[in-house]
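One structure is given here, and the rest of the page talks about it.
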Amino acid sequence: MIDPTAKVHPGAEIGTGVRIGAYSVIGDQVQVHDDCEIGPHVVIKGPTRIGEATRISQFSSIGDDPQDKKYQGEATSSLEIGAHNVIREFCSINRGTAQGGGVTRLGDHNWIMAYVHIAHDCQVGNNTVFANNATLAGHVHIDDFAILGGFTGVHQFCRVGCYSISAIASIIVKDVPPYLVVSGNTAKPNGLNRVGLRRNGFTDGTVDALRKAYRIVYREGLLLKDALKTLEALADAGDEVANFTRFIRDSERGIIR
Numbered sequence: 000m001i002d003p004t005a006k007v008h009p010g011a012e013i014g015t016g017v018r019i020g021a022y023s024v025i026g027d028q029v030q031v032h033d034d035c036e037i038g039p040h041v042v043i044k045g046p047t048r049i050g051e052a053t054r055i056s057q058f059s060s061i062g063d064d065p066q067d068k069k070y071q072g073e074a075t076s077s078l079e080i081g082a083h084n085v086i087r088e089f090c091s092i093n094r095g096t097a098q099g100g101g102v103t104r105l106g107d108h109n110w111i112m113a114y115v116h117i118a119h120d121c122q123v124g125n126n127t128v129f130a131n132n133a134t135l136a137g138h139v140h141i142d143d144f145a146i147l148g149g150f151t152g153v154h155q156f157c158r159v160g161c162y163s164i165s166a167i168a169s170i171i172v173k174d175v176p177p178y179l180v181v182s183g184n185t186a187k188p189n190g191l192n193r194v195g196l197r198r199n200g201f202t203d204g205t206v207d208a209l210r211k212a213y214r215i216v217y218r219e220g221l222l223l224k225d226a227l228k229t230l231e232a233l234a235d236a237g238d239e240v241a242n243f244t245r246f247i248r249d250s251e252r253g254i255i256r
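At position 112 of the sequence shown (counting the first as 1) the number is 111 in numbering that gives the first Met the number 0, and the numbers step up by one without a gap.
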């Protein structure tokens, strides 16, 4: 299942049922697990691990050196990609740096559309969607089920919370709490992601509790420290409100407001 024009390094490990397209280059210390599909003209450099049943489309660059001037060729630099991901054409995902822990990670069941860039040391969870041309700077964290609209840019060291969604061409320079809709340059909150929450099985009661939490932070004119005190008093509001509160409390960069 490997095209005769493809170049596979002897130090690469290729699982069963893997398909590798024409003129692709698989480098040393690359692990491609079972049932993956690597399209034509894909370049994968190691150390990189790609989980089972992941599809990578043509002209993508996977596991190349970090675009970071501090990178000096450290052997600890690697990329880990989970299982059942779809990575479309012209995507680039870089390995990690020593300053960021050495590893860039992409979890499972992610849908990465064309021209997306994921920079060094990013940590991406599971079941995310990155629309065309979304770009992550270094050290960005994207939590599970987050959606980035086309041409969204995320500044380095930012975190985007679970079940949040950004509109097209959003520029995110601070942390985005979970469950929010954000838009603009720079991105501002635009309410709760109610459609996404209901599509993912959240109950009406949970959505109502999150709407109340959102109003406390974004609609009542409170200082953030006072909003947090109010949120923390909602002990019986459910796990999602607790997650929302914890995210805001733990934010090092500060949240969008």
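Note that beta-carbon positions come from the ideal geometry of N, C-alpha and C, so glycine has one too.
Asked, Found
"I'd like to confirm the pairing. Which residues does DSSP put opposite Ile215 in its beta bridges?", "Bridge partners of Ile215: none, in fact."
"In terms of residues, what are the limits of the beta strand (DSSP E) holding Lys187?", "Lys187 to Leu191"
"Use the C-beta contact count for Leu105: other C-beta atoms within 10 angstroms, 16 or more gives buried, fewer gives exposed.", "buried"
"Does the structure place the segment 116-128 close enough to the segment 203-222 that three or more beta carbon pairs sit under 8 Å?", "no"
"Please classify Gln66: does DSSP put it in a helix, a strand, or coil?", "coil"
"The beta strand (DSSP E) that contains Val31, what's its start and end?", "Val29 to Val31"
"DSSP three-state label for Asp174, please.", "strand"
"For Arg158, which three-state DSSP category applies?", "strand"
"Using alpha carbons as the reference points, say which of Arg18, Lys44, Tyr70 and Ser56 lies closest to Gly62.", "Lys44"
"Could you tell me the distance, in whole angstroms, from the CA atom of Glu36 to the CA atom of Leu147?", "24 Å"
"Quick check on the burial criterion: 16 or more other C-beta atoms within 10 angstroms. Buried or exposed for Glu231?", "exposed"
"Starting from the Cα of Tyr114, find the closest Cα among Ser60, Ser163 and Ala241 and give me that residue.", "Ser60"
"Taking 8 Å as the cut-off, decide whether the C-beta atoms of Ile164 and Val180 are in contact.", "yes"
"Who are the Cβ neighbours of Asn132 in its own chain at under 6 Å, not counting the five residues just before and after it?", "Tyr114, Gly149 and Phe150"
"Ends of the beta strand (DSSP E) at Ile92?", "Ser91 to Asn93"
"Got a sec, what are the start and stop residues for the beta strand (DSSP E) Ile167 sits in?", "From DSSP, Ile167 is part of no beta strand (DSSP E); its letter is neither H nor E."
"Can you tell me where the beta strand (DSSP E) with Ile49 in it begins and where it stops?", "Thr47 to Ile49"
"Which of helix, strand or coil does DSSP assign to Thr229?", "helix"
"Round the Cβ separation of Pro177 and Ile255 to the nearest angstrom and send it over; I've been treating them as touching at under 8 Å.", "The Cβ separation is near 12 Å, so there is no contact."
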